[in-house]
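Everything on this sheet refers to the single structure shown next.
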Amino acid sequence: MRCGSLLALLGIPLASALSLENTNAPSVFEVQFEHGSRAPRATRLSTRADILDLDTSVLGDYFLQTNISVGTPPQELNVLFHTVGNECWIQAAHLHACDLLRHEKPCGSHGAYNRSESTSAKFIGSGFAVNDSAFRVTGDFVTDSLTIGNVKLDAMKLGVVRDGVTSNVLGLGYGEHNSSSISLPQALADGDIIKSPAFSLWIENPHGRPTPATAHRGAGRVLFGGVNKAKYVGTLHTLPIVDGPPGSRKGFRVNMTGLAINDTSASPKTFPKDAIFDIGMSLSYVPEAAARDIFARLGVTNIPDKGQVSIPCNASELNTTLTFEFGAATFNFPVWVFMTQDSLYGSSEYEDGTCYLGIATNKDYLHKGSAVFGANFLRLIYSVYDLENGEISLARRNWTGFSDDIVEITTGKNAVPGASATTTEKSAALHYGNPGVMQALLAAVVGVFMFL
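Put into structure tokens, the structure is as follows:
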């Protein structure tokens, strides 16, 4: 189903400034976001050369957020990106939950949509519904013009929510079987704005070396239809998307083949397991046996039934490293990058040297996957999501590159430029017990936080 066609594109040819696999421009655009803000902020639209930049923020420490307009004349809305689903929806202006927030504007800072005020709106029918752990909403289907930056789709299919407390959402992922919705990447591909329904994601350098209280903060970008080769080092490993738990929808899941602390595997009999990448989660959750092994080696004795374990803040000074293995794609990080002084499960901030670990036991999210990697992990790597081919590509972040080398994701097999298909078997190429390799990797990660 082709639900969007291009009315307006970026004003400057992409080929004049970018190195593209295909010079038929324009074919990529970029959304900039800030990670760590607890409340929506006003956004600023700017055009850098040929790439569209949208300054955004994060709601609740993990939602990517930007501004769009819908309808004719345009109705301004604030939307959240959702990676575990393809549904795109906006709140009806007369939604009861919106009425409760009218002291700011319709639906508070998110804004709301009034179909009767848009001359380009077309009612399709009722039956829009989302019912999962994150959202429970119902409403109608419509098509209407949607503008994000300088890109306009003249007939974007949207759900208009009439029941349920929610936000405006643009889905970036896969839908249920026989879904009537369409994701933003697919709509952009159908509108010939990008060549293929795919996007890449990375986080920029935080300002200064973080303490456990600020390690989660930083700015980043989503690049639709392209890869920025300047933002990663080494091999860009391509992994096939795998099935999740019974009854779960297709998601951004790959096989996780191992987890280690320093040079010792954590519960090696646990793996391989499916692991989903979800930017809508703040923390990361691993299988219980592996988590308990990690906690024990960190000296944690009080393990709650759910939530985060507490850990002395001075543990950040220890030379302790966590290794995450996804076949040949292996990532090593010092434990302190997963430590914070406040807990997602409570508002208290301790002054007695207590911190919290951002790696938790997966008990509440088994319906998503055996392991769930949220924003605190995704901010440390470079990732590409190819919906058409059912693949995810992962690489180590290049924290020293400040330029861009953007290439287009094409169509068909091997569409992600520069990526190498990899096995899901453990790789011997990166031996995390080797002191030289360990030192180099630690230096690369620590380098993230040395730029002011």
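Residues in the sequence shown are numbered from 1 upward in steps of one, following the UniProt record's numbering.
Backbone N, C-alpha and C define an ideal beta-carbon position, used for all residues, glycine too.
What you are looking at is a predicted structure, and each value in this text was computed from that prediction instead of being measured.
Span of the alpha helix (DSSP H) holding residue i?
{"i": "PRO268", "result": "Premise fails: PRO268 is in no alpha helix (DSSP H) and is neither H nor E."}
{"i": "TYR405", "result": "Correcting the residue type first, residue 405 is Asp in the shown sequence and not Tyr. That residue, ASP405, is in no alpha helix (DSSP H); it is neither H nor E in DSSP."}
{"i": "ARG297", "result": "288 to 297"}
{"i": "PRO185", "result": "184 to 190"}
{"i": "PHE377", "result": "375 to 378"}
So residue i and residue j are supposed to be a Cβ contact under 8 angstroms. How far apart are they, rounded?
{"i": "LYS273", "j": "PRO287", "result": "6 angstroms"}
{"i": "LEU172", "j": "ALA395", "result": "At roughly 19 angstroms, the Cβ-Cβ gap does not stay under 8 angstroms, so LEU172 and ALA395 are not in contact."}
{"i": "LYS231", "j": "ASN398", "result": "6 angstroms"}
{"i": "LEU298", "j": "ILE311", "result": "6 angstroms"}
{"i": "LEU80", "j": "SER27", "result": "In fact, because the Cβ distance is near 25 angstroms, the residues do not count as touching under 8 angstroms."}
{"i": "ASP404", "j": "ASN228", "result": "6 angstroms"}
{"i": "ILE294", "j": "ALA329", "result": "Contact flag wrong, Cβ pair sits at about 20 angstroms."}
{"i": "VAL384", "j": "VAL416", "result": "5 angstroms"}
{"i": "GLY353", "j": "ASN302", "result": "With a Cβ gap of about 15 angstroms, GLY353 and ASN302 do not count as contacting."}
{"i": "ALA93", "j": "ASN114", "result": "4 angstroms"}
{"i": "VAL242", "j": "LEU146", "result": "At roughly 32 angstroms, the Cβ-Cβ gap does not stay under 8 angstroms, so VAL242 and LEU146 are not in contact."}
{"i": "SER118", "j": "GLN75", "result": "7 angstroms"}
{"i": "GLN308", "j": "LEU387", "result": "With a Cβ gap of about 32 angstroms, GLN308 and LEU387 do not count as contacting."}
{"i": "ILE259", "j": "PHE333", "result": "The question names Ile, but residue 259 is Leu in the sequence shown. The Cβ separation is near 12 angstroms, so there is no contact."}
Kindly identify the DSSP beta-bridge partner or partners of residue i.
{"i": "SER69", "result": "GLU76 and THR147"}
{"i": "PRO334", "result": "THR321"}
{"i": "SER200", "result": "LEU223 and VAL384"}
{"i": "SER393", "result": "THR238 and VAL384"}
{"i": "TRP399", "result": "Partner(s): none; TRP399 has no beta bridge."}
{"i": "VAL137", "result": "VAL130"}
{"i": "residue 454", "result": "This structure cannot speak to residue 454, because the chain is shown only from 1 to 452."}
{"i": "GLN32", "result": "ARG221"}
{"i": "ILE311", "result": "CYS355"}
{"i": "ASN228", "result": "ILE406"}
{"i": "GLY159", "result": "TRP89 and PHE141"}
For the beta strand (DSSP E) containing residue i, name the first residue and the last one.
{"i": "LEU357", "result": "354 to 357"}
{"i": "ALA275", "result": "273 to 277"}
{"i": "MET256", "result": "253 to 256"}
{"i": "ASN171", "result": "Reading the sequence as shown, one finds Gly at residue 171 and not Asn. Its beta strand (DSSP E) spans residues 168 to 171."}
{"i": "CYS88", "result": "88 to 91"}
{"i": "SER27", "result": "That residue, SER27, is in no beta strand (DSSP E); it is neither H nor E in DSSP."}
{"i": "SER420", "result": "419 to 421"}
When you compare the CB of residue i with every CB in chain D, is at least one pair closer than 7 angstroms?
{"i": "ASP140", "result": "Considering every chain present, this structure includes no chain D. It has just one protein chain."}
Three CB pairs or more closer than 8 angstroms across the region 134 to 149 and the region 116 to 126: Touching, per the Cβ criterion.
The region 78 to 86 contacting the region 178 to 195, beta-carbon criterion three pairs below 8 angstroms: yes
Validate contact between the region 236 to 245 and the region 152 to 162 using beta carbons, cut 8 angstroms, 3 pairs: no
Inter-stretch contact at 8 angstroms, needing at least 3 Cβ pairs: the region 367 to 381 / the region 269 to 284: yes
Cβ pair count under 8 angstroms reaching 3, the region 328 to 338 against the region 375 to 392: yes
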